[in-house]
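Asker: Residue numbers (the numbering used here): 1 to 327.
Virtual Cβ for every residue (Gly too), placed ideally from N, Cα, C.
Computed from a predicted model, the values in this text were never measured in an experiment.
1. Near residue 82, what residues of its chain come up, given a Cβ to Cβ distance below 8 Å and the 5 sequence neighbours on each side ignored?
2. Any chance the region 168 to 184 sits against the region 220 to 230, with 3 or more Cβ pairs inside 8 Å?
3. Distance, Cα to Cα, residue 64 vs residue 110?
4. Which complete beta strand (DSSP E) runs does the region 82 to 144 hold, if anything under 3 residues is left out?
5. Quick check: the region 123 to 131 against the region 216 to 224, are there 3 or more CB pairs under 8 Å?
6. Against chain D, with Cβ distances strictly below 8 Å, would residue 270 count as a contact?
7. I need the boundaries of the beta strand (DSSP E) containing residue 159, first residue and last residue.
8. Classify residue 176 as helix, strand or coil using the three-state DSSP reduction.
9. Give the DSSP-derived three-state secondary structure of residue 242 in the structure shown.
10. Kindly examine the ligand MG and report whether one of its heavy atoms sits closer than 7 Å to the Cβ of residue 264.
11. What would DSSP say about residue 312, mapped onto helix, strand or coil?
12. Strictly by DSSP, which residues pair up with residue 202?
13. Any idea if residue 132 is buried or exposed, counting beta-carbon neighbours within 10 angstroms, 16 or more meaning buried?
14. Do residue 259 and residue 192 come within 8 Å of each other at the CB atom, strictly closer than that value?
15. Could you round the C-beta distance between residue 241 and residue 204 to whole angstroms and report it? I think they count as a contact, below 8 Å.
16. Which same chain residues end up closer than 7 Å to residue 143 when comparing Cβ atoms and leaving out the 5 residues on each side of it in sequence?
17. Around the Cβ of residue 85, are there at least 16 other Cβ atoms within 10 angstroms (buried) or fewer (exposed)?
18. Just curious, the alpha helix (DSSP H) that residue 21 is in, first and last residue?
19. In whole angstroms, give me the CA-to-CA distance for residue 17 and residue 296.
20. Should residue 362 be labelled buried (16 or more other beta-carbon atoms within 10 Å of its own) or exposed?
21. Can you say whether residue 170 is buried or exposed, counting buried as having 16 or more other CB atoms within 10 angstroms of its CB?
22. From residue 396 to residue 213, what does the alpha carbon distance come to, in whole angstroms?
23. How do the region 5 to 19 and the region 301 to 315 stand: do at least 3 beta-carbon pairs fall below 8 Å, yes or no?
24. Here's the rule: buried if 16 or more other CB atoms are within 10 angstroms of the residue's CB, otherwise exposed. What is residue 256?
25. From residue 270 to residue 66, what distance separates their C-alpha atoms?
26. How far does the alpha helix (DSSP H) with residue 50 in it extend, from its first residue to its last?
27. So, under 8 Å CB-CB, residue 323 and residue 195 are touching, yes? Tell me the CB distance rounded to an integer number of Å.
28. I'd like the span of the alpha helix (DSSP H) that includes residue 195, first residue to last.
29. Let me know if residue 235 comes out buried or exposed under the rule of 16 or more other beta-carbons within 10 Å of its beta-carbon.
30. Within a Cβ cutoff of 6 Å, which residues of the same chain sit near residue 283, ignoring the five residues on either side of it in sequence?
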């Protein structure tokens, strides 16, 4: 098969991940563009199939060599019983979700998958199961031995990549350092290159109001951000900034820049989710493998009802295919 094999981990069984996975795979265009390989548990997938009226046959395989084109293929880890409850934090669900991720990473590192798309996990369930990570990004970085990585979000007209993510706002300010900002600028360029843009236009946000106003409202721009930008420019990278955080996203939305480097979690997440809440995609940049994800949580309140929106999962699969094809 010439199509990319896209692994899809179903996430926490108690959440909406299994449902949005199957709902996305009802989409004929997805099956035309790739060979999906769901990584989960047959009991969980069958339960989700009955909820979302997924009537196609599921091809259960032991390895990716047995996958069939235009079928939903499933690698079942057989690690869940039927006794779990929807919409509840359960250690066994956190354990299962981690095992799906680990399997996906192993297959991708071995060249058996072109990319891994991840369904949502619950961080509390994950930690109760003994896996002390703050999220998917950190799991992928750890299990692939990746030191320099960043979270990129895409949605609607925006692409943003973060200097820091899941830390307190106070710590996020402390993490704005020249070397880290420079590395994220480089990762932004790599991500856009992998999406087919040879010379992306990169904008860098300031940390402070008005990007510091020449030191009047803070000196992080002068001491850390500008030197990082100048270093990147010396390497021929098309980068501009620091731009005031209250206007940078308007310029990106209007097409002046291809991606924005943002300084912390909410600086990038808020504008992107405002413009495209249901269609956002999370990408971990810098890994030796391709990883995309839905940009929403387990939505425990909707789990088991079949009403969860699959748009983000469809977009995540489409972006994984785009990355895999360009690479």
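Answerer: Put simply:
1. 43, 47
2. The region 168 to 184 is in contact with the region 220 to 230.
3. 11 Å
4. 115 to 118
5. no
6. Here there is only one protein chain, and chain D is not present.
7. 158 to 162
8. coil
9. Here residue 242 sits in strand by DSSP.
10. As far as ligands go, the structure on display features none, and thus does not contain the ligand MG.
11. helix
12. 239, 259
13. exposed
14. yes
15. 3 Å
16. 102, 105
17. exposed
18. 17 to 24
19. 10 Å
20. What is shown of the chain runs 1 to 327, which leaves residue 362 out entirely.
21. exposed
22. Summary: the structure shown does not reach residue 396, with the chain confined to residues 1 through 327, and so no result is reported for it.
23. yes
24. exposed
25. 42 Å
26. Residues 42 to 52.
27. 7 Å
28. Careful: residue 195 lies outside any alpha helix (DSSP H) and carries neither H nor E.
29. exposed
30. Correct list, in chain order: 152, 292.
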